[in-house]
Amino acid sequence: MAQFFSGTGNAAKISDHYKNLDRIIADLHTTVTMEIGNGVETITSIVRDLLDKAVSKDLDTSFNALPRVNGAPYNSKERDFQRGCLEGTREDILLKVHEWADNDSPLLFWLNGLAGTGKTTIAHTIAEYYDKRGQLGASFFFSRDQQHRRETRHLFPTLALQLGGRFPPLKLKIAEAIQRERHVVDLDSRTQFKVLLLDPISAVYPQITSPIVIVLDALDECERTDSVAEIIQLLAVELRGFSRRLKFFVTSRPDANLLLTFASQEIAMDSRALVLHQIQPSIVDHDIKLFFSAKLSNIGTLLGNTTWPSNDDIDELVRMAGGLFIFASTVADFVRGSNVYMAKDRLSAILEMGRITTSKTTSRHPFLTLDGIYLQILNSVESLHSSVEMSVSPTFQLVVRTIVTLFERLSCRDMASLLNSSESTVRSSLLPLHSVVVVPEGDGAVQIFHPSFRDYLTDRERCAEDQFYVHAPSHHATLTTLCIDRMVTILDKIIFELLTTSECDMPDDVRYSCRHWLTHLTQCDSNDEVDSRVLKLASDSKWHRNWTVALGLICDTDEAMLCLRQAAEHGLTCSTDEPTFLLKVSDNIRQGSTSEGLIDTRASTQLLNLSLTLSETIFEINYGATESPMHIPTSDIQMDRAARVRPHRPSVAPRKALWDVFDNIPDTKTTLT
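The sequence shown maps to residues 1 to 673 in the UniProt record's numbering.
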């Protein structure tokens, strides 16, 4: 062994072995290190990916939780009957809008005009055009006959959702903003605008390469034009520096508030205005003639008469239209009718009406011919019903007056339930009005085609015929009693089922009644019958509890509390804290049902029983078991009706009693536990 190690040749071999061993160990170390590094990188990548997905999912959840008005976009299902401009018409106007949108021009383009001049059709066309080009940021079409579309409180969240859905970088910034300001939707419009639009747009503005167009139609249909004026001011002032890549196309009638707003110096310098009813008449008449020629010649083809109507007939219709596209659209639909073979007779009747009104000036009354066609349509209904039993006419009046005065659209089925009628009766009443009222098949909501028809029916100077005139305050009284009847009849039967099963759903007409009976009450004339019904409600604690719980199930908290405040103004408040308590309980159940499926049947039943038992106890402590639970606020600002319907108020001031225990109602799971 000693000889082996002492040999020179062997020493060299041993040295080589050591070197080889070192290389093997080094290679092994490098390989292991690389594999460990790769493994760490892989694990890090997986973890990072999982974290990114979790964050992305959290951001998506925050973004998608924004409230939205589903019927507001130009292409929403609720606006399915709306169409854009006929090809070849309104070209001068559309060219002006395109030049404004595609160049370094003011932020706002305001298209204003009288009712029926085609503002909404143009707005639809603009939205559709830029949507096809990938440049439509968002659209919001206001409408006075739908609650959320006549309010501005969800305008900015709805615009933010559409903008984020179309532009991913903006979606990320909006979602991040929502996470920083979790309750942004409960804040004022100015804060919503800053959090949801101004700050996110500022962050991604350099990434916007082509103009983004946002369309806001019929601003005058918002129930508070002062709030719309505030929004216009916000847009013009706060977004002034973004006008190269951000454009707002807005339309309205020449409302006084909006006229003053756009005339102010700070708005005028950042807006462009076009007045539809001041466009050269010959241009408008040319477009209306194209419209009549296209629509009526199709009817002539169906009748096998390609020369009908004559050019003289079309020229007379254009004259009668007086620049109103709604006249042209209504006439075309009316002439065609459900029976095309009566088209010639209908057209002859319209032309005869035009000859009768020729001697009357239209300068004092721009809607004279439009009112004439509306009357012609209504007279055709009267002649149709004259051969039917006498009860048809009052039913027709009831249905039309209801459509005109509803605060939200209802389907024929739900309207029939509210009116104690049948769906077939409602549909048959509306059948002759297809040219002015949209009546979808199935469960679609009935809606007036154009607001000018409602304006006509509710204006005594324009609609002089008693059988057609709608005195809105009188019918609001009728609807108040009908809504009360539906609530009293249905709520007690379904309230527990609503809370405890997935099989029971509140009918839309009952939902409507719960949400709007008080609004109808505030709009109606003094009426002994209505006052008597309200007085009866004031002593019905069971109904009041059912109604309050129902509000919590079908409304968000703000809307429900607004209803309770309206009730207080009419002497319909409960004991000190019961409404708020029941509202919190039912709202918790609604939130739990929405987010995690229906709550356990027994648990939710026990919860509601607990709430009702506690409220009864509060009643007894505050008022005594035999006294009325209803009382009246002592504010001097009470309406006359409240003075007539208020029950006797207890002489002893209510004590706070059990409510201290429930100052902060916990979430549903904790409450149920």
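Beta carbons: idealized from backbone N, C-alpha and C, even for Gly.
Under three-state DSSP, which class holds Q146? Stepping through the sequence shown from its first residue, residue 146 is reached at position 146. Coil, per DSSP.
Reduced DSSP category for W110 - H, G, I as helix; E, B as strand; rest coil: Numbered from its first residue, the sequence shown carries residue 110 at position 110. Strand, per DSSP.
Which of helix, strand or coil does DSSP assign to L276? Stepping through the sequence shown from its first residue, residue 276 is reached at position 276. DSSP places L276 in helix when its eight states are reduced to three.
Would you call N527 buried or exposed, if buried means 16 or more other Cβ atoms sit within 10 Å of its Cβ? Locating residue 527 in the sequence shown gives position 527, where the first residue counts as 1. With 16 or more other Cβ atoms within 10 Å, it is buried.
With a 10 Å radius around its C-beta and 16 neighbouring C-beta atoms as the bar for buried, classify D60 as buried or exposed. The sequence position of residue 60 within the sequence shown is 60, counting from 1. So D60 counts as exposed.
Extent of the continuous alpha helix (DSSP H) to which S424 belongs: Residue 424 sits at position 424 when you count from the first residue of the sequence shown. First-last of the alpha helix (DSSP H) with S424: E423 to L430.
Any idea what DSSP makes of F327, helix, strand or coil? Sequence index remark: in the sequence shown, residue 327 carries index 327 (1-based). F327: helix per DSSP, three-state reduction.
Give me the Cα-Cα distance between F63 and A175, rounded to the nearest whole angstrom. Mapped onto the sequence shown, residue 63 falls at position 63. Mapped onto the sequence shown, residue 175 falls at position 175. Rounded to whole angstroms, F63 to A175 spans 5 Å at the Cα level.
Would you identify the three-state DSSP class for L246, choosing helix, strand or coil? Residue mapping note: residue 246 aligns to position 246 of the sequence shown, counting from 1. Reduced to three states, the DSSP call for L246 is strand.
Can you tell me which of F193, Y205 and S329 puts its alpha carbon nearest to the alpha carbon of R83? Counted from its first residue, the sequence shown places residue 83 at position 83. It is S329.
Are the beta-carbon atoms belonging to N112 and A256 less than 8 Å from one another? Position 112 of the sequence shown, counted from the start, is the residue given in the question as residue 112. Position 256 of the sequence shown, counted from the start, is the residue given in the question as residue 256. Cβ atoms of N112 and A256: not closer than 8 Å.
Grab the span of the beta strand (DSSP E) containing D217 for me, first residue to last. The residue you call residue 217 lines up with position 217 of the sequence shown. Note, D217: beta strand (DSSP E), I212 to D217.
Taking one C-beta from the region 125-138 and one from the region 211-224 each time, how about it: are there three or more such pairs within less than 8 Å? Between the region 125-138 and the region 211-224 there are three or more C-beta pairs closer than 8 Å, enough to call the two in contact.
With 16 other Cβ atoms within 10 Å as the buried cut-off, status of I299: On the sequence shown, position 299 is the one that residue 299 refers to. By the 10 Å Cβ count, I299 comes out buried.
Which whole-angstrom value describes the C-beta separation of F142 and C222, a residue pair presumed to lie in contact below a C-beta threshold of 8 Å? Translated into the one-based positions of the sequence shown, residue 142 becomes position 142. Translated into the one-based positions of the sequence shown, residue 222 becomes position 222. Sure, about 5 Å apart at Cβ, within 8 Å.
C-alpha gap between S422 and T395, whole angstroms: The count along the sequence shown starts at 1 and reaches residue 422 at position 422. The count along the sequence shown starts at 1 and reaches residue 395 at position 395. Straight-line measurement puts the Cα of T395 at about 11 Å from the Cα of S422.
Is it the case that the Cβ atoms of V438 and I403 are separated by a distance below 8 Å? Numbered from 1 along the sequence shown, position 438 holds the residue referred to as residue 438. Numbered from 1 along the sequence shown, position 403 holds the residue referred to as residue 403. Contact flag unset, no.
Sequence-distant residues of the same chain with beta carbon closer than 6 Å to Q162, five excluded per side: Residue mapping note: residue 162 aligns to position 162 of the sequence shown, counting from 1. Excluding sequence neighbours, Q162 sits near A138.
Going by C-alpha distance, which of S424, R462 and V446 is nearest I373? By one-based count along the sequence shown, residue 373 stands at place 373. Selected option, being the one with the closest Cα: R462.
Whole angstroms are fine: how far does the CA of R150 sit from the CA of R180? As a position in the sequence shown, residue 180 is number 180, starting the count at 1. As a position in the sequence shown, residue 150 is number 150, starting the count at 1. When rounded, the distance between both Cα atoms is 29 Å.
For A445, name the three-state secondary structure that DSSP assigns. Indexing the sequence shown from 1 puts residue 445 at position 445. Assigned with DSSP and collapsed to three states, A445 falls in strand.
Leaving out five residues before and five after L431 in sequence, what residues of the same chain have Cβ atoms less than 8 Å from its Cβ? The residue you call residue 431 lines up with position 431 of the sequence shown. Around L431, the same chain offers S338 and V439 as residues with beta carbons nearer than 8 Å, after the five sequence neighbours per side are excluded.
Report the three-state DSSP secondary structure of S526 (helix, strand or coil). As a working note, residue 526 is residue 526 in the sequence shown. It is coil, neither helix nor strand.
With DSSP collapsed to three states, give me the class of G241. Position 241 of the sequence shown, counted from the first residue, corresponds to residue 241. Helix.
Spell out the partners DSSP gives F396 in its beta bridges. Taking the first residue of the sequence shown as 1, we reach residue 396 at position 396. F396 is not bridged to any residue.
Run through the DSSP bridge pairs and tell me what S271 is partnered with. What you label residue 271 is simply residue 271 of the sequence shown in a count that begins at 1. DSSP lists L108 as partners of S271.
Cutoff 8 Å; reference Q376; Cβ partners in own chain excluding five residues on either side: Residue numbering aside, residue 376 sits at position 376 when the sequence shown is read from its first letter. Correct list, in chain order: F334, A349, I350 and M353.
Which one or two residues does DSSP pair with L136 in a beta bridge? Counting from 1 along the sequence shown, the entry for residue 136 is found at position 136. Within the DSSP secondary-structure output, L136 pairs in a beta bridge with V213.
Bridge partners - T89, DSSP secondary structure assignment: Position 89 of the sequence shown, counted from the start, is the residue given in the question as residue 89. Answer is none; T89 lacks a bridge partner.
Considering only the alpha carbon of each residue, which of S435, T117 and L197 lies closest to L155? The residue given as residue 155 occupies position 155 in the sequence shown. Cα-wise, what sits closest to L155 is L197.
Excluding sequence positions up to five away, which residues of its chain have a Cβ less than 6 Å from the Cβ of V284? Mapped onto the sequence shown, residue 284 falls at position 284. Spatial neighbours of V284 in its own chain (CB-CB distance under 6 Å, excluding positions within 5 residues in sequence) are listed in chain order as G323.
Start and end of the alpha helix (DSSP H) containing D414? Here residue 414 corresponds to residue number 414 of the sequence shown, with the count starting at 1. In the DSSP assignment, D414 falls within the unbroken alpha helix (DSSP H) covering C412 to L418.
Per DSSP, what kind of secondary structure is V549 in: helix, strand or coil? Taking the first residue of the sequence shown as position 1, residue 549 is located at position 549. Reduced to three states, the DSSP call for V549 is helix.
What does a CB cutoff of less than 6 Å around A332 pick up in its chain, not counting 5 residues either side in sequence? Looking up residue 332 in the sequence shown gives position 332. Only K295 meet the Cβ criterion.
Taking just the CA atoms, how far does I24 sit from Y18? The residue labelled residue 18 in the question sits at position 18 within the sequence shown. The residue labelled residue 24 in the question sits at position 24 within the sequence shown. One C-alpha to the other measures close to 10 Å.
How long is the line joining the alpha carbons of T425 and L370, rounded to whole angstroms? Sequence index remark: in the sequence shown, residue 425 carries index 425 (1-based). Sequence index remark: in the sequence shown, residue 370 carries index 370 (1-based). If you draw a straight line from the Cα of T425 to the Cα of L370, it is about 28 Å long.
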